[in-house]
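To start, the structure itself, in C-alpha cells.
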Amino acid sequence: MNHKKKFNHLSRTSAHRKALLSNMAASLILHKRISTTVPKAKALKMYVEPLITKSKNDNLNSRRVVFSYLKQKEAVTELFKEIAPKIVNRPGGYTRILRTGNRIGDNAETCIIELVDYNTTYTEVKQEVKKTATRRRRSSGAKKAAATAEAAAPAEEASKAEAAEEAPKAE
Numbered sequence: 003m004n005h006k007k008k009f010n011h012l013s014r015t016s017a018h019r020k021a022l023l024s025n026m027a028a029s030l031i032l033h034k035r036i037s038t039t040v041p042k043a044k045a046l047k048m049y050v051e052p053l054i055t056k057s058k059n060d061n062l063n064s065r066r067v068v069f070s071y072l073k074q075k076e077a078v079t080e081l082f083k084e085i086a087p088k089i090v091n092r093p094g095g096y097t098r099i100l101r102t103g104n105r106i107g108d109n110a111e112t113c114i115i116e117l118v119d120y121n122t123t124y125t126e127v128k129q130e131v132k133k134t135a136t137r138r139r140r141s142s143g144a145k146k147a148a149a150t151a152e153a154a155a156p157a158e159e160a161s162k163a164e165a166a167e168e169a170p171k172a173e
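Structural data, given as C-alpha cells:
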C-alpha cells in the first residue's frame, strides 16, 4: 500500500534520488529546458518550484538554502540573477511539461520540462490584425446598384469622348 506517499521514489535510494533531482534542477535552471521521462519531470517539478519561489527573496539565507539543494554555484547565481526577476510577479507554476511521445528503446513516455517564461512561442505577445467583415454574397439591392453603375460607366465615357472631340474644334 502507498498510504501517505508524498512523492515518487523513482526506484532509487534516497541519496541517489536527491543527487538525480539536484542535477536535473541545476540543468533545468542553466539550460531553461531539458528532455526526460514523465515521472522524473513530475518529481523535478515538485523539487524545483519551491526553490524558484525561494529565489524571489534575494538574501543570504535563501541563497544558502537553495545552494544546499542545487550544490552548483553557477545554477544558484543564474537562478537569483536572471530567473527570479522574470518570475517575480508570477504566483506559481514556473515550469511546464510538454509530452513528446515514447522512447524507441524501452517505450518510456518522454517529455520536455521547461521554464514557462523562457519559451518564446508561448510568451511573445501577438498583434492581432482586426479583419473587416466581408460579405460573401450581394443582396438584390446591391446587384441593381452595380448594374446601373455599369450601365452608367459607358455612357459617361462616351460623353467624355464627345467633349474631347469638341474641344479641339472650338479652337
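In my numbering, the protein residues as written are 3 to 173.
Positions of the beta carbon are idealized from the N, C-alpha and C atoms, including for glycine.
Pull up the distance between the alpha-carbon of residue i and that of residue j, whole angstroms please.
| i | j | result |
| --- | --- | --- |
| F69 | A77 | 9 angstroms |
| L22 | T15 | 10 angstroms |
| I115 | N104 | 15 angstroms |
| S64 | T123 | 32 angstroms |
| K83 | A17 | 29 angstroms |
| G107 | K34 | 26 angstroms |
| K7 | L53 | 21 angstroms |
| L62 | N109 | 44 angstroms |
| I89 | E111 | 29 angstroms |
| I85 | N121 | 13 angstroms |
Name the DSSP bridge partner or partners of residue i?
| i | result |
| --- | --- |
| G103 | T112 |
| T38 | C113 |
By alpha-carbon positions, which one of the options ends up nearest to residue i?
| i | options | result |
| --- | --- | --- |
| I31 | K73, I106, N109, N91 | K73 |
| T232 | H11, A27, F9, S16 | Outside the displayed range of the chain (3 to 173) lies residue 232, so it cannot be described from this structure. |
| P87 | E116, L62, T55 | T55 |
| L117 | E51, L23, H18 | E51 |
| T79 | S57, G107, N4 | S57 |
| K75 | Y120, M3, N25, T134 | N25 |
| G95 | D119, H5, V67 | D119 |
Might you give, ordered along the chain, the residues of its own chain that have their beta carbon closer than 8 angstroms to the beta carbon of residue i, omitting 5 neighbours on each side?
| i | result |
| --- | --- |
| C113 | S37, T38, T39, V40, A43, I99, L100, R101, T102 |
| L12 | R19, L22, P41, K42, A45 |
| N4 | none |
| R92 | V118, D119 |
| Y186 | What is shown of the chain runs 3 to 173, which leaves residue 186 out entirely. |
Ignore the nearest five residues each way along the sequence and tell me which others in residue i's own chain have a CB closer than 7 angstroms to its CB.
| i | result |
| --- | --- |
| F9 | A45, M48 |
| V189 | In this structure the chain extends from 3 to 173, so residue 189 is not present and cannot be described. |
| T134 | none |
If I measure Cβ to Cβ from residue i and keep anything under 6 angstroms in the same chain, skipping five residues before and after, which residues do I get?
| i | result |
| --- | --- |
| S29 | I36 |
| D60 | F82 |
Counting only runs that start and end within the region 55–102, where is the alpha helix (DSSP H) found for 4 or more residues in a row? 62–72, 75–80
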